[in-house]
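Only one structure is covered here, and it is reproduced in the block below.
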Amino acid sequence: MTRIEAHLRRRALNLCEPVLQHTLAACSGDTSFPLHITPLSFYFASPIQVIASAGWSWCLGSAALGSVYKAASLLNSSQGNPLQRPGPLSWRPRGQDSSRMSEEVEVLSGNTLSEDVEKVVEKISNTTVEFRVPRVNCPEHIILVVDVCHEVGNTPYRLADGSKFSALYMVKRALTLFLQNKHAIDARHKFALVLLHNIPVWISDFTSDPQKIISDLELAEERPATTHCDLSLVFELIAHQISLPKCSNPSVVPPPYMYRTILIYGRSHCLPQFLHGKELFSHLIQSPHFVLDVLYTHESPSDNNKCEGIFDLLCGLDEGGWSYVLEVSRNATKLHNYFGTLLAHPFQRPVQKDLSYTLVPKD
Numbered sequence: 002m003t004r005i006e007a008h009l010r011r012r013a014l015n016l017c018e019p020v021l022q023h024t025l026a027a028c029s030g031d032t033s034f035p036l037h038i039t040p041l042s043f044y045f046a047s048p049i050q051v052i053a054s055a056g057w058s059w060c061l062g063s064a065a066l067g068s069v070y071k072a073a074s075l076l077n078s079s080q081g082n083p084l085q086r087p088g089p090l091s092w093r094p095r096g097q098d099s100s101r102m103s104e105e106v107e108v109l110s111g112n113t114l115s116e117d118v119e120k121v122v123e124k125i126s127n128t129t130v131e132f133r134v135p136r137v138n139c140p141e142h143i144i145l146v147v148d149v150c151h152e153v154g155n156t157p158y159r160l161a162d163g164s165k166f167s168a169l170y171m172v173k174r175a176l177t178l179f180l181q182n183k184h185a186i187d188a189r190h191k192f193a194l195v196l197l198h199n200i201p202v203w204i205s206d207f208t209s210d211p212q213k214i215i216s217d218l219e220l221a222e223e224r225p226a227t228t229h230c231d232l233s234l235v236f237e238l239i240a241h242q243i244s245l246p247k248c249s250n251p252s253v254v255p256p257p258y259m260y261r262t263i264l265i266y267g268r269s270h271c272l273p274q275f276l277h278g279k280e281l282f283s284h285l286i287q288s289p290h291f292v293l294d295v296l297y298t299h300e301s302p303s304d305n306n307k308c309e310g311i312f313d314l315l316c317g318l319d320e321g322g323w324s325y326v327l328e329v330s331r332n333a334t335k336l337h338n339y340f341g342t343l344l345a346h347p348f349q350r351p352v353q354k355d356l357s358y359t360l361v362p363k364d
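In this note's numbering, each number is its position in the sequence shown, counted from 1, plus 1.
The following block contains the structure:
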């Protein structure tokens, strides 16, 4: 089971009843039935591809259902094979110890499992998602927060031809494509750039010219990693730089523009924290016209780093369920795929647990 599949299961868990928790817990440790979720490649995505990608239907719990159906099929046909222990960054309920869960989970079989699966299907089918805002593509004001810290022992990205590039270099390349494609979709979008080291620095103010951001981004250099990362300072800076739009009826009237912050965090040994409180973060995230997305680029998870803990903490930033929290190790293709995923407008895209980019061959 890959880390993004594990993340989708974790996100689906937050909106489902305990019966889904136990069913998914029983299947989360077995790596023999991956979710068939293939990300659409946006390495050189055209606006047509991007627009098409934003049109997926709202099928609540599709990722979770696919996992449950495969789990039911596998467990009904198994002969008591023990479930494998989940690997790094694998699914587990928040706030519960994985060893304790393994003691509580019973491997269901036969009619018992079928009945539980039917209950899960019925529960998800009767669940609806209510949008906080109209589904319109109002202009976005996008704040790109790029972590420039370089930790000792960082491994480079290795491409198919054997060439190697630093993590910051690859992020620059992927961000360049993101900016160009986002501007091609709607020239009204504006962008700002923040570089994150020991403190966040506002580098470029909002502009509809992506080349200005690209030029400033090219000048960014890697800096030695710090011992801490204070997210309080990040959102304090953002809160003082922006003015959230006000609408008398935000669920009906679309705003003249909306804000989206894309946090690109690249450390594997430093847990981000709110050292000065979360008041300004909460103020921003509670606004229907502010969205936070996270892309976590990291080393391969191991006992020698804190990738799993960092990822769990970043997932916790999504308090309303509307954010995309993505993660990728040293895989250039997935890095570009995920920037392609972030091209979709926050007001028009599905929630992340329903995300499924699948290429279906023509008959």
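Glycine included, each C-beta is placed from N, C-alpha and C at the ideal position. Please read all numbers here as calculations on a predicted model, not as lab measurements.
Three-way DSSP call (helix, strand, coil) for residue i in this model
| i | result |
| --- | --- |
| residue 145 | strand |
| residue 320 | coil |
| residue 181 | helix |
| residue 329 | strand |
| residue 187 | coil |
| residue 162 | coil |
| residue 217 | helix |
| residue 274 | strand |
| residue 348 | coil |
| residue 197 | strand |
| residue 334 | helix |
| residue 172 | helix |
| residue 359 | coil |
| residue 227 | coil |
| residue 167 | coil |
| residue 208 | strand |
| residue 109 | Residue placement at residue 109 cannot be trusted, given a pLDDT of 35 that sits under 50; the coordinates are not used to answer. |
Spatial distance of residue i from residue j (CA atoms)
| i | j | result |
| --- | --- | --- |
| residue 136 | residue 179 | 22 Å |
| residue 338 | residue 203 | 27 Å |
| residue 246 | residue 140 | 12 Å |
| residue 290 | residue 258 | 8 Å |
| residue 1 | residue 149 | Since the first and last residues shown for the chain are 2 and 364, residue 1 lies out of range. |
| residue 316 | residue 189 | 30 Å |
| residue 1 | residue 169 | Any answer about residue 1 is impossible in this case: the structure gives the chain only from 2 up to 364. |
| residue 352 | residue 326 | 11 Å |
| residue 313 | residue 320 | 13 Å |
| residue 171 | residue 242 | 28 Å |
| residue 160 | residue 280 | 42 Å |
| residue 227 | residue 152 | 8 Å |
| residue 342 | residue 215 | 20 Å |
| residue 344 | residue 217 | 21 Å |
| residue 145 | residue 262 | 6 Å |
| residue 363 | residue 346 | 28 Å |
| residue 253 | residue 283 | 23 Å |
| residue 143 | residue 206 | 10 Å |
| residue 356 | residue 278 | 32 Å |
| residue 361 | residue 225 | 45 Å |
| residue 1 | residue 158 | Beyond the ends of the chain as shown, which are 2 and 364, falls residue 1; an answer cannot be given. |
| residue 311 | residue 185 | 34 Å |
| residue 248 | residue 165 | 49 Å |
| residue 1 | residue 167 | Given a span of 2 to 364 for the chain in the structure shown, any question on residue 1 remains unanswerable. |
| residue 162 | residue 244 | 46 Å |
Integer Cβ distance of residue i from residue j, believed to fall under 8 Å
| i | j | result |
| --- | --- | --- |
| residue 286 | residue 296 | In fact, because the Cβ distance is near 17 Å, the residues do not count as touching under 8 Å. |
| residue 175 | residue 340 | 5 Å |
| residue 192 | residue 177 | Not a contact, Cβ separation roughly 12 Å. |
| residue 187 | residue 138 | 7 Å |
| residue 251 | residue 133 | 7 Å |
| residue 219 | residue 173 | 7 Å |
Any non-hydrogen atom of the ligand SAH closer than 7 Å to residue i Cβ
| i | result |
| --- | --- |
| residue 185 | Absence of the ligand SAH is noted for the structure shown, with no ligands found whatsoever. |
Query raised in the report: Does the stretch 238-248 touch the stretch 324-339, meaning 3 or more C-beta pairs lie closer than 8 Å?
Result: no
Query raised in the report: Is there contact here, the stretch 300-312 with the stretch 268-278, by at least three beta-carbon pairs under 8 Å?
Result: yes
Requested in this report: May I ask you to verify whether the stretch 220-234 touches the stretch 189-208, counting CB pairs closer than 8 Å and requiring at least 3?
Outcome: yes
Query raised in the report: Which runs of the alpha helix (DSSP H) spanning at least 4 residues fall entirely within the stretch 236-317, listed in chain order?
Result: 280-286 and 308-316
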